[in-house]
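Let me begin by presenting the structure, written as structure tokens, before commenting on it.
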Amino acid sequence: MDILNLEELFNDNVSGEHKEDLVQILDEFKRGHYPNVLSKLKTLRENNELHNVLVKKLWMVEAICHAEIGESRAASEIISKLYMDDDSDLMLLGELAFMCDYKLARRIMSAAVKQMEEEEETDRIKLARGFLVLAEVEEKLEKFVRSVKYFQKGLGYFEEGDNRDQYMILYIHFKIGMLYSMQNKGEESISYLNKVIEMAGNDNEELKIKSLVSIAKTYGSKDQNKQAYPYLEEALQLLQGSSLVNTIAHAEALTEMAYYYFDKSQLNEAVPYYQDAIERYNNLQFPSHRQLGMIHMQYAYCLEHKKGSSIQHAGINYEKAIERLELTKDRQLLENALADVIAFFDNTNNTKKKRYYENKFVEMANS
Numbered sequence: 000m001d002i003l004n005l006e007e008l009f010n011d012n013v014s015g016e017h018k019e020d021l022v023q024i025l026d027e028f029k030r031g032h033y034p035n036v037l038s039k040l041k042t043l044r045e046n047n048e049l050h051n052v053l054v055k056k057l058w059m060v061e062a063i064c065h066a067e068i069g070e071s072r073a074a075s076e077i078i079s080k081l082y083m084d085d086d087s088d089l090m091l092l093g094e095l096a097f098m099c100d101y102k103l104a105r106r107i108m109s110a111a112v113k114q115m116e117e118e119e120e121t122d123r124i125k126l127a128r129g130f131l132v133l134a135e136v137e138e139k140l141e142k143f144v145r146s147v148k149y150f151q152k153g154l155g156y157f158e159e160g161d162n163r164d165q166y167m168i169l170y171i172h173f174k175i176g177m178l179y180s181m182q183n184k185g186e187e188s189i190s191y192l193n194k195v196i197e198m199a200g201n202d203n204e205e206l207k208i209k210s211l212v213s214i215a216k217t218y219g220s221k222d223q224n225k226q227a228y229p230y231l232e233e234a235l236q237l238l239q240g241s242s243l244v245n246t247i248a249h250a251e252a253l254t255e256m257a258y259y260y261f262d263k264s265q266l267n268e269a270v271p272y273y274q275d276a277i278e279r280y281n282n283l284q285f286p287s288h289r290q291l292g293m294i295h296m297q298y299a300y301c302l303e304h305k306k307g308s309s310i311q312h313a314g315i316n317y318e319k320a321i322e323r324l325e326l327t328k329d330r331q332l333l334e335n336a337l338a339d340v341i342a343f344f345d346n347t348n349n350t351k352k353k354r355y356y357e358n359k360f361v362e363m364a365n366s
């Protein structure tokens, strides 16, 4: 974690007898040996009288260590105590709080931004950073309207003519576009993400691909698949050999393209995209059971009804769909899927499977 520059601990105000201990602490910290750091910090404080400035910095180090090992409450308590000091660096504390307590981070960073505005802070990057941390906090708290507001305020401090600002301008446009998407504000989302595509060029391929896929999903959600198609086509071309191969963005692009053909009843064309999408989702660490279940349902339907149908393979995928959907909490979705699967096994004269899923349906109805 690089919020706190530990090298600053080694300055002329630190006596030589403490420097050896601090060097060891810094080494353990860089290695990620956080429990060892906590132990050494405790020993250092108990056995020495330390300067107040150093004491505060060591408490910050301790807060980071607690946060890194999942002890969020301990980290939050330390940061809250430091926040009560009148001379605290609010920006620094707000960023530290972001590691462990979003509501505390919101409170501290709001105070930091207010302080900077009242004192007419001239460092535009520092002001931007304050608003951007607030934006990230609100996003984590799922307050998307507030998050957009803070991202837009932060964006205002970057200058289009300054090359050093170009990536942040691009990134903030992407974040705002994605946040509008989460609020189902399709037009606003598409507007911001199209700007990302225009600005990205060849140097920011990841954000460009993610923007292309998100726009395609937005059009798809509105049943405007014709508008989605060129974005999907470009995204899938760029994905080949990119760092996003086998990521969620890759799986989503394949799924959207599969559905494009599914919606046009071009089932043979949809099949390879569904097959590829399923493979990508299965490679993810935590795939969505709902998403993967629905993909298996659509894939199975394609296999059942395409030219040169594959009934056995369709049955396997219908069953995989139910396995996934049973892991969701969407009772209505599962009921509908079970009805379709029962109908499939009825139509294919598989009495054993039909009865098996009928029993599942009855058990669920009676539960």
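Heads up, the sequence shown is in numbering that gives the first Met the number 0, so the first residue is 0 and it goes up one at a time.
No residue lacks a Cβ here, since even glycine has one placed at the ideal position from N, Cα and C.
Check, Outcome
"Identify whether residue 79 lies in helix, strand or coil by the three-state DSSP scheme.", "helix"
"Residue 237 and residue 196: beta carbons closer than 8 Å?", "no"
"So residue 340 and residue 301 are in contact, right, with Cβ under 8 Å, and what is the actual spacing, rounded?", "With a Cβ gap of about 15 Å, residue 340 and residue 301 do not count as contacting."
"Can you give me the C-alpha to C-alpha distance between residue 356 and residue 313, rounded to a whole angstrom?", "15 Å"
"In three-state terms, what does DSSP make of residue 301?", "helix"
"Starting from residue 151, follow the alpha helix (DSSP H) in both directions and report where the run begins and ends.", "143 to 154"
"Can you list, in chain order, the residues of its chain whose CB lies under 8 Å from that of residue 216, leaving out five sequence neighbours each side?", "180, 227, 251 and 255"
"From this set, 289, 229 and 297, which residue's C-alpha is nearest residue 262's C-alpha?", "297"
"Would residue 147 pass as a contact of residue 175 if the rule is Cβ separation under 8 Å?", "yes"
"Does DSSP put residue 309 in a helix, a strand or coil?", "coil"
"For the segment 120 to 136 against the segment 68 to 84, are there 3 or more C-beta pairs whose distance is under 8 Å?", "no"
"For residue 344, I'd like the list of residues in its chain whose CB is within less than 6 Å of its CB, leaving aside the five on either flank, ordered along the chain.", "352 and 353"
"Does the segment 153 to 164 come within contact of the segment 135 to 143, defined as at least 3 CB pairs closer than 8 Å?", "no"
"Measuring only the C-alpha atoms, how far is residue 198 from residue 231?", "19 Å"
"If you scan the segment 119 to 145 from start to end, which runs of the alpha helix (DSSP H) of 4 or more residues do you find wholly inside it?", "123 to 139"
"How about residue 367 and residue 63: are their beta carbons less than 8 Å apart?", "Residue coverage of the chain in this structure runs from 0 to 366, which leaves residue 367 outside it and unanswerable."
"Smallest Cα separation from residue 274: which of 53, 315 and 68?", "315"
"Hey, out of 18, 86 and 67, whose CA is closest to residue 31's CA?", "67"
"So, is residue 188 buried or exposed, given that buried needs 16 or more other C-beta atoms within 10 angstroms?", "buried"
"Considering Cα atoms alone, identify which of 104, 73 and 166 is closest to residue 200.", "166"
"Quick check: residue 78 and residue 103, are their CB atoms within less than 8 Å of each other?", "yes"
"Suppose contacts are defined by Cβ-Cβ distances below 8 Å. Is residue 210 in contact with residue 192 by that definition?", "yes"
"Cα separation between residue 61 and residue 74?", "7 Å"
"For residue 213, count neighbouring Cβ atoms within 10 angstroms of its own Cβ and tell me buried if that reaches 16, exposed if not.", "buried"
"Counting only the same chain and skipping the five closest in sequence on each side, list residues whose C-beta sits under 6 Å from that of residue 178.", "143, 146 and 147"
"Which residue wins for smallest C-alpha separation from residue 183, given the options 152, 218 and 205?", "218"
"Assuming residue 260 and residue 268 are in contact, meaning their beta carbons sit under 8 Å apart, how far apart are those beta carbons, in whole angstroms?", "4 Å"
"Which residue spans inside the segment 197 to 243 form an unbroken alpha helix (DSSP H) run of at least 4?", "204 to 220 and 224 to 238"
"Taking the alpha carbon of residue 347 as the point to measure from, which residue in 87, 304 and 106 has its own alpha carbon closest?", "304"
"In its own chain, which residues sit with a C-beta less than 6 Å from the C-beta of residue 65, not counting the 5 before and 5 after it?", "73 and 74"
"Select from 326, 306 and 18 the residue whose C-alpha is nearest the C-alpha of residue 285.", "326"
"How big is the Cα-Cα spacing for residue 245 and residue 280?", "8 Å"
"Looking only at C-alpha atoms, which of 320, 51, 350 and 328 sits nearest to residue 337?", "320"
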